[in-house]
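Residue numbers (my numbering), protein chains in the order written: chain A, 1 to 333; chain B, 334 to 666.
See the structure below:
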């Protein structure tokens, strides 16, 4: 009984959707919920929505809901983990929102707050493919590129909580415009959004591609990971070319991170990685290895796919809650 | 008496020259020596040369030489600080050289070993312009670009001792060849060597510049920092253009580092920075600030010039010896 029988809820709050899981002390997910975020409701509205989602999750848990000891939230943007305040979340349009306090009042449970991709990094480190790595960098490729840095087995926040913005490491001086409004960022070259922009531009300029048809057939307005996968399956040369360009950039990003931080392990996750698996990872790894500076007698860095997939962020948020509220790390059994 | 009256010797071992200082517990330099390295003598020969340089320094110290408690060495390349072994130093052509043990036997004093630019970062952190910064990145621009990372007030080594290779962070995918044999590294675009290459190519292709004349007049075979300074003073447009290109790259490098690590402070040092001072730093800072992602209400990162100049590495090596052998940090008085 006691700690070992407790549960923590983890919530990964994204710009589009939120995912909540209940995690036991062995690192097992007992229940999960997914729901749209609807950022247009504003910080208070979205906070109520998180509370409602957690209440549903508690209901799913039935009697076990009594064992929930706390909630960990991962929010997109810069947070103050000590104060539980979302300082700046451009995707949500939030500034200085006291999310942890408000949610704690609504749910009468202690709440910890961190950045969403920091959560993903912690999840992969404690329960995913980064287990055993004292120093780890996680990169999540989706509409943007986010990441988290674990140093000496601890999440590294930096001086103002802003560390881990791997998507805004520069890869190509003067390169394409990034969503952040600046040029040359990895995110502006290798995110799904960047690939979609490159695809649209190429198609608009008259290059043939199956992608528009596939999107129409699938009823998608965006070039989702499933669309990318289908285009590759059908042998679309333009899709392959655009993907390879992104993979080259990600390989350089991985090399830069390894040359700077000399981690044991780099975990690559996010929607495309989860869907394409080795087809996505292998060229990134090959490119990275060629650009990593390393004394020849040292063991090579592990470059591995995320294992927790879509749940990395919510599981990680729950792990952070386990760490901070109960002082333990859930252990994969 | 005791610790407070002790001295540590610090040696910065470079590919061309070595610098040795004697540092007291207040962080004051009591004596210094500089001498060519002559890497062609091989690892044993160079080690004997270091020992001879330290003996001269001890002689300079006179009676005070009895107070020397140990020696810190900063070596160029990957080192194992625990074992005191230089694992891989391509500039010197060394692999697996047990430098600390050999030197300790020759001089009958305890010897600590670290990377040379790690030493520079520690020097600037403890006694230079990075004082008070819990998280700091130091960048030294010279024939190459090296750096060191201080996190949570401690030197960060990474998993295999290879951390801090800021010069091999990629800035321009597919860009010019770097000394490491790969393309697109910061070092291949913004080191003094890269600027000299760009200058030679431009002059060879017929662009006018005062630099060849200045080099001839000064009797220099290389485009040294003094040559660069003189060319700028005489208003050479090509020199300014090449310098600006390097500064833009360094600005992007600083931004990448800040976006990833969110440090309190970035210190920029090395020969050109020491010589050109604000003329070198200001454009780098301006470029970096435009590319740093940061919540608007947070305090900006400090981007400052090195204060210890040419002695950063040797002072830092001595500080590391103070840390490891005496368990204290010398304090600037």
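Virtual Cβ for every residue (Gly too), placed ideally from N, Cα, C.
CB contact below 8 Å: residue i versus chain B
i	result
residue 158 of chain A	yes
residue 2 of chain A	Its pLDDT being 49, under 50, residue 2 of chain A is placed unreliably in this model, and the coordinates cannot settle the point.
residue 180 of chain A	yes
residue 291 of chain A	yes
residue 5 of chain A	no
residue 19 of chain A	no
residue 250 of chain A	no
residue 255 of chain A	yes
residue 118 of chain A	no
residue 134 of chain A	yes
residue 259 of chain A	yes
residue 264 of chain A	yes
residue 177 of chain A	no
CB contact check: residue i to chain A, cutoff 8 Å
i	result
residue 457 of chain B	no
residue 506 of chain B	yes
residue 630 of chain B	yes
residue 397 of chain B	no
residue 503 of chain B	yes
residue 496 of chain B	yes
residue 647 of chain B	no
residue 656 of chain B	no
residue 653 of chain B	no
residue 484 of chain B	yes
residue 517 of chain B	yes
residue 499 of chain B	yes
Beta carbon of residue i nearer than 8 Å to that of residue j
i	j	result
residue 180 of chain A	residue 626 of chain B	yes
residue 462 of chain B	residue 262 of chain A	no
residue 642 of chain B	residue 452 of chain B	no
residue 529 of chain B	residue 550 of chain B	no
residue 22 of chain A	residue 31 of chain A	yes
residue 320 of chain A	residue 122 of chain A	yes
residue 478 of chain B	residue 499 of chain B	yes
residue 224 of chain A	residue 628 of chain B	no
residue 325 of chain A	residue 70 of chain A	yes
residue 571 of chain B	residue 533 of chain B	no
residue 102 of chain A	residue 53 of chain A	no
residue 141 of chain A	residue 231 of chain A	no
residue 405 of chain B	residue 665 of chain B	no
residue 600 of chain B	residue 469 of chain B	yes
residue 515 of chain B	residue 290 of chain A	yes
residue 311 of chain A	residue 29 of chain A	yes
Limits of the unbroken beta strand (DSSP E) element including residue i
i	result
residue 341 of chain B	340-346
residue 351 of chain B	350-357
residue 114 of chain A	111-115
residue 541 of chain B	Unbroken run through residue 541 of chain B: none, as it is neither H nor E.
residue 302 of chain A	302-305
residue 420 of chain B	418-422
residue 31 of chain A	29-36
residue 73 of chain A	68-75
residue 151 of chain A	145-151
Inter-residue CB distance, residue i and residue j (contact presumed, cutoff 8 Å)
i	j	result
residue 190 of chain A	residue 281 of chain A	That pair is no contact at about 13 Å.
residue 494 of chain B	residue 569 of chain B	Not quite, the Cβ-Cβ distance comes to about 41 Å (not below 8 Å), so this is no contact.
residue 603 of chain B	residue 260 of chain A	With 8 Å as the limit, residue 603 of chain B and residue 260 of chain A do not qualify as a contact, their Cβ atoms being about 18 Å apart.
residue 353 of chain B	residue 366 of chain B	5 Å
residue 660 of chain B	residue 407 of chain B	Residue 660 of chain B to residue 407 of chain B, Cβ: 20 Å. No contact.
residue 466 of chain B	residue 597 of chain B	4 Å
residue 227 of chain A	residue 211 of chain A	7 Å
residue 481 of chain B	residue 450 of chain B	5 Å
residue 472 of chain B	residue 531 of chain B	So it is not a contact: roughly 19 Å between Cβ atoms.
residue 401 of chain B	residue 340 of chain B	5 Å
residue 580 of chain B	residue 620 of chain B	7 Å
Terminal residues of the alpha helix (DSSP H) in which residue i lies
i	result
residue 58 of chain A	42-61
residue 523 of chain B	520-523
residue 611 of chain B	611-624
residue 579 of chain B	570-594
residue 469 of chain B	Looking at the DSSP string, residue 469 of chain B is not in any alpha helix (DSSP H); the run it does join, the beta strand (DSSP E), is 469-474.
residue 649 of chain B	645-654
residue 228 of chain A	225-233
CB contact check: residue i to chain E, cutoff 8 Å
i	result
residue 78 of chain A	Going by chain labels, chain E is absent from the structure shown, which instead holds the protein chains A and B.
**Message:** Between the region 632-642 of chain B and the region 96-106 of chain A, can you find at least three pairs of beta-carbon atoms closer than 8 Å?
**Reply:** Taking a cut-off of 8 Å for Cβ pairs, the region 96-106 of chain A and the region 632-642 of chain B do not touch, as fewer than three such pairs fall below it.
**Message:** Counting beta carbon pairs with one atom in the region 496-505 of chain B and one in the region 170-187 of chain A, are three or more of them shorter than 8 Å?
**Reply:** Inter-segment contact for the region 170-187 of chain A and the region 496-505 of chain B is present: three or more beta-carbon pairs are separated by less than 8 Å.
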